[in-house]
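Here the structure comes first, spelled out in structure tokens, and everything after it is commentary.
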Amino acid sequence: MSYFEECLTSGGLRFQEERRALYKYLLEINNDFYVSQANLLLDKGIITRSIANGEATYFLKNRKVDYSARKLGSDEIYTELRDIKLTRLRFYNIRKLQRFFAQCDVDVISNFPLPGPNPQEESGYGFNANPFYTVAYYANGQNLFVGLIKKIKTTDREMLTKLRAL
Numbered sequence: 001m002s003y004f005e006e007c008l009t010s011g012g013l014r015f016q017e018e019r020r021a022l023y024k025y026l027l028e029i030n031n032d033f034y035v036s037q038a039n040l041l042l043d044k045g046i047i048t049r050s051i052a053n054g055e056a057t058y059f060l061k062n063r064k065v066d067y068s069a070r071k072l073g074s075d076e077i078y079t080e081l082r083d084i085k086l087t088r089l090r091f092y093n094i095r096k097l098q099r100f101f102a103q104c105d106v107d108v109i110s111n112f113p114l115p116g117p118n119p120q121e122e123s124g125y126g127f128n129a130n131p132f133y134t135v136a137y138y139a140n141g142q143n144l145f146v147g148l149i150k151k152i153k154t155t156d157r158e159m160l161t162k163l164r165a166l
């Protein structure tokens, strides 16, 4: 089993560093897919994506995108979990949406992993208040300049190498 497959089955058991590396990995391998999904969302206003054992639905309204998630086969929906505001520049919005999709995929994988050797508790929907693509995540409640320095210094090279290995 590859490390990526292990991440898909262990979900919420992952450490923060592993989820951040998973975010970067998903952003890297799904680059073209995220671009096509962003274009589809900007054109149609709604898209749905399944990943691991969950499903995310993205809604565009008044230049604001939010998403809802649910476990596959479940009627319980967690709504308006995270949102971003878009600009009038399509190319910039596509880049923002790529990062947003990768973050949401990590959230869905963490909350609705594939069945695996470790049993998962069903205790609601958990996610980071600050997404990995923001300086606020790295600042951890401190000065944003400190967060920027931490973001620059942070390296996930070892875990990214594990994720890239087949």
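Note that the UniProt record's numbering has the sequence shown beginning at 1, numbered continuously upward.
For every residue, glycine included, the Cβ atom is placed at its ideal position computed from N, Cα and C.
These numbers come from a predicted model, not from an experiment.
What would DSSP say about residue i, mapped onto helix, strand or coil?
{"i": "residue 69", "result": "strand"}
{"i": "residue 79", "result": "strand"}
{"i": "residue 30", "result": "coil"}
{"i": "residue 39", "result": "helix"}
{"i": "residue 129", "result": "coil"}
Taking the alpha helix (DSSP H) that residue i belongs to, which residues open and close that run?
{"i": "residue 102", "result": "90 to 111"}
{"i": "residue 6", "result": "3 to 10"}
{"i": "residue 125", "result": "Segment: none, residue 125 is in no alpha helix (DSSP H) and carries neither H nor E."}
{"i": "residue 137", "result": "135 to 139"}
{"i": "residue 165", "result": "It is not in any alpha helix (DSSP H) - residue 165 carries neither H nor E in the DSSP assignment."}
{"i": "residue 114", "result": "First-last for residue 114: undefined, no H or E at that position."}
{"i": "residue 145", "result": "144 to 153"}
What does a CB cutoff of less than 6 Å around residue i pick up in its chain, not counting 5 residues either side in sequence?
{"i": "residue 34", "result": "98, 101"}
{"i": "residue 138", "result": "147, 150, 151"}
{"i": "residue 163", "result": "3, 4, 25"}
{"i": "residue 57", "result": "48, 68"}
{"i": "residue 125", "result": "78, 111"}
Tell me the DSSP bridge mates of residue i?
{"i": "residue 48", "result": "57"}
{"i": "residue 84", "result": "65"}
Here's a check: name, in chain order, each residue in its chain whose Cβ is nearer than 8 Å to the Cβ of residue i, leaving out the five neighbours to either side.
{"i": "residue 94", "result": "35, 38, 39, 42"}
{"i": "residue 74", "result": "none"}
{"i": "residue 135", "result": "144, 147, 148, 151"}
{"i": "residue 59", "result": "45, 46, 65, 66, 67, 68"}
{"i": "residue 76", "result": "70"}
{"i": "residue 127", "result": "81, 82, 107, 110, 111"}
Going along the chain, which residues of its own chain have a beta-carbon closer than 7 Å to the beta-carbon of residue i, five neighbours each way excluded?
{"i": "residue 160", "result": "21, 24, 25"}
{"i": "residue 8", "result": "52, 109, 113, 114"}
*Segment contact, 8 Å Cβ cut-off, at least three pairs: the stretch 69 to 87 with the stretch 8 to 27*: no
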